[in-house]
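S.K.: Please see the structure below; I have some questions.
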């Protein structure tokens, strides 16, 4: 399925994994349990979680009682923090091509993409993980 918003599968997994961790903030969760809830590959999830650990959004504990947990309070984590941990700095792209073909002078989409990207960026920047948990019914689908 084609989409205007280009969010990688890794970024989508990261946001959803963070919802699972925020909903179960009192626990340290195993990657296999999170993968099971999200119906994603455990190995792909592990790679995503390691990127979140490197960005200091998530911590991990090794060993038999190990797993992953959120760093800090989920009210302080914004969706843009998660997005940028996976995708890098948010860059508003004015062209659907990887490289500009028309020179941006007479683009068929005019200012539409800039506007859509602006709305998306403002949403990610102004929405906390805590708000996202509430929007998903208090995190009910994510409880372990």
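Residue numbers (the numbering used here): 1 to 144.
A virtual CB, placed ideally from N, CA and C, is assigned to each residue, including glycine.
1. Let's test the definition: count the other Cβ atoms within 10 Å of the Cβ of residue 61 and tell me whether it reaches 16, buried, or not, exposed.
2. What is the DSSP secondary structure of residue 78, counted as helix, strand or coil?
3. Could you check which residue in 55, 68, 21, 36 has the C-alpha nearest to that of residue 89?
4. Could you tell me whether the segment 27-35 touches the segment 43-57, using the rule of 3 or more Cβ pairs below 8 Å?
5. For residue 52 versus residue 7, is the C-beta spacing smaller than 9 Å?
6. Buried or exposed for residue 1, please, with buried defined as at least 16 other CB atoms from any protein chain shown within 10 angstroms of its CB.
M.R.: Short version:
1. exposed
2. strand
3. Looking from the CA of residue 89, the closest CA among 55, 68, 21, 36 belongs to 55.
4. yes
5. no
6. With a pLDDT of only 49 at residue 1, under 50, the local geometry of the prediction cannot be trusted, and no value is derived from it.
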